[in-house]
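Visitor:
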Amino acid sequence: MTNSFKEVIAWQIAHKFVLSVYEMTKKFPASETLGLTSQFRRAAVSIPANIAEGYRKTGKADKLRFLNIAQGSLEECRYYNLGDRPLLYNSERCTRFASFVRENKLVS
Numbered sequence: 007m008t009n010s011f012k013e014v015i016a017w018q019i020a021h022k023f024v025l026s027v028y029e030m031t032k033k034f035p036a037s038e039t040l041g042l043t044s045q046f047r048r049a050a051v052s053i054p055a056n057i058a059e060g061y062r063k064t065g066k067a068d069k070l071r072f073l074n075i076a077q078g079s080l081e082e083c084r085y086y087n088l089g090d091r092p093l094l095y096n097s098e099r100c101t102r103f104a105s106f107v108r109e110n111k112l113v114s
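Add 6 to a position in the sequence shown, counting from 1, and you land on the number used in our numbering.
Take a look at the structure:
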């Protein structure tokens with residue numbers, strides 16, 4: 007086991023994803039500040055936050071519960087990329103992160 011959640015690869019990638027979401031949402035219309043921008047940022051932050059929280063849980067069921075929440079937040083972020091007009095300005099990063107998580111079974 008690593009000494010800190012910061013050493014967990016899934017957390018590192020999720021943290022970079024959060025930073026990119028904050029950068030991307032700066033481009034969203036001001037009218038979305040309390041709507042889409044806020045919700046998208048909250049969902050993105052939830053991913054590494056739940057990985058970190060699950061890291062310290064001692065029981066397998068607890069760990070999996072937090073990783074499952076992280077996966078749900080990831081899917082919420084992916085939702086913002088649906089339709090003919092993607093709400094996510096850089097969908098490639100979100101898709102790449104989701105693929106990495108699934109391939110490495112970091113969140114299952």
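Here a beta-carbon is modelled for each residue, glycine too, at the ideal position from N, C-alpha and C.
Because the structure is a prediction, the values reported are computed rather than measured.
(1) For Arg62, which of helix, strand or coil comes out of DSSP?
(2) So what does DSSP say about Pro54, is it helix, strand or coil?
(3) Check the C-beta distance from Ser52 over to Ala76 and give it rounded, since I have them as a contact under 8 angstroms.
(4) May I ask you to report which of helix, strand or coil DSSP gives Lys69?
(5) Of the residues Arg71, Ile57, Tyr86 and Ser79, which one's Cα is nearest the Cα of Lys12?
(6) Taking the continuous alpha helix (DSSP H) assigned at Lys22, which residues delimit it?
(7) How about Val27 and Ala55: do their beta carbons lie closer than 8 angstroms?
(8) Which same chain residues end up closer than 7 angstroms to His21 when comparing Cβ atoms and leaving out the 5 residues on each side of it in sequence?
(9) Could you tell me how far apart the beta carbons of Gly65 and Leu73 are, in whole angstroms, since I believe they sit closer than 8 angstroms?
(10) Can you give the Cα-Cα distance for Arg47 and Phe34, rounded to whole angstroms?
Guide: Short version:
(1) One-based indexing of the sequence shown puts residue 62 at position 56. Arg62 falls in the coil class under three-state DSSP.
(2) Your numbering for residue 54 matches position 48 in the sequence shown. Reduced to three states, the DSSP call for Pro54 is helix.
(3) Position 46 of the sequence shown, counting from 1, holds the residue named residue 52. Position 70 of the sequence shown, counting from 1, holds the residue named residue 76. About 7 angstroms; that satisfies the 8 angstroms criterion.
(4) One-based indexing of the sequence shown puts residue 69 at position 63. Looking at Lys69 - three-state DSSP - the assignment turns out to be helix.
(5) Start at 1 with the first residue of the sequence shown, and residue 12 comes out as number 6. Measuring from the Cα of Lys12, the nearest candidate turns out to be Ile57.
(6) Working through the sequence shown from its first residue, we reach residue 22 at position 16. Per DSSP, Lys22 belongs to the alpha helix (DSSP H) from Ile15 to Thr31.
(7) As a first step, residue 27 must be located in the sequence shown, where it is residue number 21. As a first step, residue 55 must be located in the sequence shown, where it is residue number 49. No, they are not a contact pair.
(8) Here the question's residue 21 lines up with position 15 in the sequence shown. The residues are Pro54.
(9) Mapped onto the sequence shown, residue 65 falls at position 59. Mapped onto the sequence shown, residue 73 falls at position 67. Actually they are not in contact, since the Cβ atoms of Gly65 and Leu73 sit about 13 angstroms apart, beyond 8 angstroms.
(10) Position 41 of the sequence shown, counted from the start, is the residue given in the question as residue 47. Position 28 of the sequence shown, counted from the start, is the residue given in the question as residue 34. Near 12 angstroms, if we compare the C-alpha coordinates of Phe34 and Arg47.
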